[in-house]
Amino acid sequence: MAYELKTKETDNSVIEFIEKVESERKREDAYRLLDIFTETTGKEAKMWGTSIIGFGRYHYKYDTGHEGDAPLVGFSPRKAKFSLYFATGDDSRTPLLEKFGKHKAGKGCVYVNKLADIDEDVLRDLIMQSVQFLQAHYPDE
């Protein structure tokens, strides 16, 4: 049975999605993140699935044969924290995260409560590093 990806690029409106964010502060931070990611990547924001705002895209194929498309970078204003999506497998981001500010890091996600907790210049560096890492590993896009 083929695996069906849940998170695909959609035609849903990024602005409408952000406008539905309940917390005014989180909504303001989401608009600021939208600006930062757009300026840094030069890519148009697109909705991926129901809750991820993604920038750019790449096609991956694993040794197992599993393949699909994903955004180069992205974010989601979740109820508890912001999820910032970066390349999985890029261990070279550790020094940047040490200067980033208050956050928690997962495999491909970094979680922050609010933008005031982080250094926006370091965020821009993290975005660029992730894009460059993915473009080097998946050069077809």
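For any residue, its number in the working numbering is found by taking its place in the sequence shown, counting from 1, and adding 13. Built from N, CA and C at the ideal position, the CB exists for glycine as well. None of these values were measured; they are calculated from a predicted model.
Item	Value
Note down the Cα distance separating A93 from I131, rounded to an integer number of angstroms.	16 Å
Where in the segment 54-132 do unbroken runs of the alpha helix (DSSP H), each at least 4 residues long, occur, reported from the N-terminal end onward?	107-111
Could you have a look at E22 and say whether DSSP puts it in helix, strand or coil?	strand
Per the contact definition of three or more C-beta pairs closer than 8 Å, is the segment 61-75 in contact with the segment 105-119?	no
If you draw a straight line from the C-alpha of S143 to the C-alpha of F95, how long is it?	17 Å
With 16 other CB atoms within 10 Å as the buried threshold, where does P84 fall?	buried
What residues in its chain sit with their C-beta under 6 Å from that of V123, if we drop five residues either side in the sequence?	L97 and H116
Give me, in chain order, the residues of the same chain whose beta-carbon lies closer than 7 Å to that of F88; leave out the 5 immediate sequence neighbours on both sides.	L46, F50, I66, F95, S96, L97 and Y98
Quick check on this structure: which residue in S26, D42 and K33 has the alpha carbon closest to the alpha carbon of V125?	D42
Since T107 contacts W61 with CB under 8 Å, what's their CB separation in whole angstroms?	That pair is no contact at about 26 Å.
Hey, L110 and A100 are a contact pair by Cβ (cut 8 Å); roughly how many whole angstroms apart?	The Cβ separation is near 13 Å, so there is no contact.
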